[in-house]
Amino acid sequence: MNNSPYFLKPASVRFVMLRVLLALTPAIAIYVWFFGAAILVQISLASVTALLAEAGMLKLRGKPVMMFLGDGSALVTAWLIALTFPPIAPWWLTVVGVLMAIVIAKHLYGGLGQNPFNPAMVAFAMMIVAYPSLMSQWPAVGFTDFLPQWNAIFGARQLDAITMATPLDALRTALHTADARATVAGVLGSSASFGNIGGKGWEWVAAGYFLGGIYLLQQRIITWHMPAAFLATLLVISGGFALYDPTRFVGPSFHLFTGGAMLGAFFIVTDPVSGCTTPRGKLIFAAGIGLLTWVIRSFGAYPDGIAFAVLLMNIAAPLIDINTQPPVFGHKRRGGDPQ
Amino acid sequence: MIEALLVMALGAVILGAALGYAAVRFRVEGDPLVEKIDAILPQTQCGQCGFPGCKPYAQAIAKGEAEINQCPPGGDEGIHKLADLLGREYKPLSAEHGIEKPKSVAVIDEAACIGCTLCIQACPVDAIVGAAKQMHTVIATQCTGCELCIAPCPVDCIRMEGIAETVDSWKWKYPVVALRRVA
Amino acid sequence: MIAQLFRFKGGIKPNSHKDESTTQPIKLAPLPPRLVVPLRQSARAMARCIVEPGQDVLKGQVIAVAEGPLCTAVHAPTSGTVRAIEPQPIPHPSGLPAPSVVIEPDGEERWVERFPFDIATATPQQARDYLRDCGIVGLGGAGFPSHVKLGPGEKGIQTLILNGAECEPWITCDDRLMRERAAQILAGAAMMRHITGARRILVGIEDNKPQAIEAMRQAARELGEKEIGVVAVPTRYPAGGEKQLIRVLTGIEIPYGKLGTHFGVQCFNVGSAHAVYRAIAHGEPLVSRIVTLSGNFERPGNFEVAIGTPIRDLLPLAVPRADTNRYIMGGPMMGVGLQSLDVPVIKATNCVLAGSPTLFPAPPPEMPCIRCGECAKACPAELQPFELYWYSRAKIFGKAQEYSLFDCIECGCCSYVCPSRIPLVDYFRFAKAEIWAREKEKAAADTARERYEFRLAREEREKQEKAAKLAAKTAAGREKAAAALAEAQKPARTPEEEAKHALIAAALERAKAQKEQAHPENVSDLTPEQQAEITAIEARRAEIREQAKPHLRQDD
Amino acid sequence: MTSYLFIILGAVLVNNVVFIRILGLCPFMGVSKKLETALGMGAATTFVLTMACGASFVIDRWLLIPNQLEYLRTLSFIVTIAAIVQLTELVIQKTSPVLHQVLGIYLPLITTNCAVLGIPLLNVSLRHNFLESLLFGFGSAMGFTLALILFAGIRERMEAADVPVHFRGTAIAMITAGLMSLAFMGFAGLDKYK
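Rendered as structure tokens:
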């Protein structure tokens, strides 16, 4: 005997998660086109690990395994980890990352819906702090031969031929450590890894994420608040500084179409569990991530700041939520006086 | 060496003087904490905690002389509230002080009552009315269910009765979590 | 006449299923063999019964009178004989019984004498008292006493709103009532306007009921009044919620804990207006109402049903389908699941909904909340249901209250949209009930503390008085001794001393009596043998006491 | 001017006293269950730490160094801090009894809060002048307060989470603190930017 309401709208968590996975596919296709099929290996590896870890943790915690496994949330985490890790990272790096995400960041906090930190970003931050060099070896654009990539993942690591630094990393290293006369224009012109607006190849992957993001918006799975606030903040602040000193600060198009910006905007920042939930809170949360991303990219020691920015704002999310509660019906105007 | 001693002594004198002044200047009167503790206690005045009432128990807690887990009528929830207020660790209800029971009220079997007034004297909240050699009765709405009237009754005519659920006192239950059904 | 409509945030648009039951006109339901009239008809108060088992009653005769401010009178729905006054199951989520009057109809429908109420000469207070004694409560579902809502409040009422929105799926009793009795509804509204002194009347009807809107507009035209506006409001659940409808029609938002009267606006169900008309124009108390039978029925429709008719006797009128597995009183969003078909129709019963496993499938298992915010988008009270859920589930009620738990109107929108299929409203009901219970407990504890402290103070005072008395006595004794020494013979006691002695003697007497009573004396109604045995035992005891005397100073 | 800003920024974010220097963990774990108490503790620590930095600078520069008594540094700093803590406790007891009760054991524990001793000692080794010492102390205390408040925010929410039984309470709090520390590592390098 249940209580009212007695009929419900057809919707489910699984439906939401499957839509998210679907939205990721165009970007993955572009990824494969430019950087080879290694990413598919990583995605499979991460998915299997995530499902096994999820099942194991559910079993340990005495929850119904099949019901929760079917919700698809572990797959979303796994795919995001695979897409943020280098596609030629050794297999154990991905596996350990996924385990960290599922076991520590997700299930120790009570599983789906209860984790205060974004599991995928926890995995990324842990791995980049622990294995900075492994996390910085990315495949060179256009070098799509499968066998060397396969070897890089599972066997002997003959990497020099197939790797290069990511555009963000290359720019940061050049500006920070090279001689003081290095300028943005000089660096961008000097390396093959830079494309027309962002990193070569990466700009197209970013476009794929953007496409997926539009689909999620259209499906009303995410709201406009977070992607808009995140991208706008990144745009304004990087644009402002690029105008102020174009030799030292790279422009907004580079920031938006390089690294994890687009993936972050639509798939990571928008994670409802660990983020803010009030309309104003969402704007502050995403803008904060945008700002911190730019700060860490421009001044920090790590190549891409999104993971840390997301985690830092995850920490602040409860406080932001508490302080941005929207007014309740009838409590908006002082004392609720009639006109 | 002498300098060192002098320096330390000088420091001690100055700091001591400052502290002494502050102790006088910021003296605290009364203890507002007792009120806060007392507000959490259920006011059954049953004495199961080992103190002659809720207030004395509150005072003992405030002084740190009593544990927070000695109040069976307050139950688990009362202990949690006390732990929160005082920043102490939660402890399960101490068994020697009793167990948490559903709330009940005393009922006097009026046919058996001999009018001895012993229960009236025992009742901490004056919830029993009657006079010597007259029948006594419990004002159910005022009864805290402390059971203190049971022992003194020479004819054992007082018993505790659980409070029956009515449409007015009925509460919505915790939703049945579907997970357990599936699992 | 109303140019601007306002909107409320949130809300949902479920399939409304209205057409199933609107095709047929309202039919009169036959009298059942037995009527069960609960004494608890209005929301919170129980009326005091004034009839006795075996008594004959007439239709419309008062069987229980109002007591307290939120109570209304209860009347016999038909003529017949009172068979019992006893707890009977009532339509309540608890399924618990409540005191009810069981009436066996004689089938003659003999009315009490009815007099129209002269509203023109009566004061508003008299009119309100009259409505209370006619048992008029809100017929929209909550059953709040109408006479209370007609009270003037601080600023008086300017706008009277008639609620014909009927936003819950399946329910059509107001729709049919408006189509068939529009003139009477507006006449009732005009009477309420007279009582409250309101300026204008607004009738809010969801725009999926064009015939009802047309009927009401026609009636308003015939009445020739300019200050009655019939407004079509957008169809969106819960547009018929009182606060939501007031918001849509006037832009005023009434917060939790405030009444419409604080803002010069008051809202009544169209059925209530109809009942007011019947009461004032014809002197008929509220003894029947329109009930929609819809859902999994072969012949759904609307019926005029005597209050107290058991649901079981109602069902054959609409013929439930074979796979019907449950009945709901009210709509699918806020109704009460019936645990027994013996419960009667009460004044708040607007609909009996038959459900089947296909119509209302069992809820899928609850998944964890992913904080997606769908519920917050759907909440018409603009709450954050997932936060309320988060803390209600963990029983951290203080936090839930910080998130305005009590502003929740339990409309069910959040549960309806939740992708994790969480019965959110159930959690909120649970949390509210717990908080209320706790507040009650707290109040009881405060009373207990007060009484305990008073007792302590009294004991202290008594002790002091006793001490003072003792001191006075010893002082008097010493004086007496001195006096005795000085003057050999004197009249022994002054009147004061006399009184004191009498007091002491009485106290001694009492103590003695107490001591005697301290022995088990449950010895009445004994057989002679038992009596003899007791006497023998007592004698032996006395003997032992006697023997023990050298060793014991006192035997108690 | 910018150097002062960098001192504060560095102390609050980059070298956060709790997350990066891993100092002052006892009050961090103990007084972070509720937001209000966290704020109170943060305020008390800010006051004490700033005062302690100022006082210890004065003692170090004008008492210990002129008399070649640097070997008494730790000892005299501890005594000074203890006195300041005592003073604070008396004031709080008078002005906010609830905060006093809530801070409870932790208030005297500010005395042994390693951050409160560590920051003045760091001041000495970093050769800060008086203003820098004060700013560094204040900045570190702000970092401590920030950590405490953020942690309290998360803990208040986590209180209702379905954490596995063995990890409830301190265990999950430690893990959370670790992950927060991880997040703060993202600030690495900010203070070294030229």
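Protein chains in written order, with the numbering used here: chain F, 10 to 348; chain E, 146 to 328; chain W, 17 to 572; chain Y, 57 to 250.
Beta carbons are placed, not taken as given, at the ideal position from N, Cα and C, and that holds for glycine.
If you're wondering where the values come from, they're calculated on a predicted model, not measured in any experiment.
- Residue burial is scored here from C-beta neighbours: residue 266(E) has fewer than 16 other C-beta atoms within 10 angstroms and is therefore classed as exposed.
- Counting along the chain, no beta strand (DSSP E) covers residue 263(F); the unbroken alpha helix (DSSP H) around it starts and ends at 261 to 265.
- Distance from the CA of residue 303(W) to the CA of residue 183(W), rounded to the nearest whole angstrom, comes to 25 Å.
- Residue 491(W) counts as exposed, since fewer than 16 other beta carbons sit within 10 angstroms of its beta carbon.
- Residue-level contact by beta carbon holds for residue 216(Y) and chain W, with a gap shorter than 8 Å.
- At least one C-beta of chain Y is nearer than 8 Å to the C-beta of residue 178(E).
- In this structure, residue 118(F) places its C-beta atom within 8 Å of the C-beta atom of residue 124(F).
- When Cβ-Cβ separations below 8 Å define contact, residue 471(W) makes contact with chain E.
- Counting only runs that start and end inside the stretch 371 to 410 of chain W, the alpha helix (DSSP H) elements of at least 4 residues fall at 390 to 394, 401 to 409.
- Counting only runs of at least 4 residues, the stretch 174 to 223 of chain Y fully encloses the following alpha helix (DSSP H) elements, listed from N- to C-terminal order: 186 to 214.
- Look at residue 438(W) here: in three-state DSSP terms it is coil, with no helix or strand label.
- Of the residues assessed, residue 287(W) falls on the buried side of the cut-off, its CB having 16 or more other CB atoms within 10 angstroms.
- According to the DSSP assignment, residue 251(W) belongs to no alpha helix (DSSP H), since it is labelled neither H nor E.
- DSSP places residue 239(F) within a helical segment (H, G or I) once states are collapsed to three.
- Between residue 175(Y) and residue 192(Y), the beta carbon gap of about 7 Å places them in contact (Cβ cut-off 8 Å).
- DSSP, read as helix, strand or coil, puts residue 184(W) in coil.
- If the five residues before and after residue 425(W) are omitted, its C-beta is found closer than 8 Å to the C-beta atoms of 254, 257, 259, 396, 397, all from its own chain and listed in chain order.
- Per DSSP, residue 309(W) lies in no alpha helix (DSSP H); the unbroken beta strand (DSSP E) holding it starts and ends at 304 to 311.
- DSSP, reduced to helix, strand and coil, places residue 90(F) within a helical segment of the structure shown.
- CA-CA distance, residue 409(W) to residue 286(F), rounds to 18 Å.
- Taking the Cα positions, residue 211(W) is about 23 Å away from residue 305(W).
- Classified as buried, residue 218(F) has 16 or more neighbouring CB atoms from the shown chains inside 10 Å of its CB.
- At a cut-off of 8 Å, the C-beta of residue 206(Y) has a neighbouring C-beta in chain F.
- Note that the stretch 428 to 443 of chain W does not touch the stretch 296 to 304 of chain E; fewer than 3 beta-carbon pairs, one per stretch, sit closer than 8 Å.
- In the DSSP annotation of this structure, the continuous segment of the beta strand (DSSP E) that includes residue 105(W) starts and ends at 96 to 105.
- If you draw a straight line from the Cα of residue 260(E) to the Cα of residue 64(W), it is about 33 Å long.
- Contact between residue 74(W) and residue 92(W) holds: their C-beta atoms lie close to 7 Å from each other, under 8 Å.
- By the CB criterion at 8 Å, residue 278(F) and residue 235(F) fall inside the cutoff.
- The beta carbon of residue 250(E) sits closer than 8 Å to the beta carbons of 283, 285, 288, 290, 305, 306, 308 from its chain, once the five residues preceding and following it are set aside; these are given in chain order.
- Excluding its 5 nearest sequence neighbours in each direction, residue 336(W) has C-beta neighbours in its own chain below 6 Å: 313, 370, listed in chain order.
- The alpha carbon of residue 465(W) has as its nearest neighbour, out of 237(E), 268(E), 276(E), 318(E), the alpha carbon of 268(E).
- The stretch 332 to 342 of chain F makes contact with the stretch 266 to 286 of chain W: 3 or more CB pairs, one atom from each, lie closer than 8 Å.
- Shown here, residue 53(F) sits in a helix according to DSSP, grouped into three states.
- Beta bridge pairing from DSSP links residue 80(W) with 65(W), 90(W).
- An exposed status is given to residue 452(W), since fewer than 16 other beta-carbon atoms sit within 10 Å of its beta-carbon.
- Beta-bridge annotation (DSSP): residue 173(F) is paired with 147(F).
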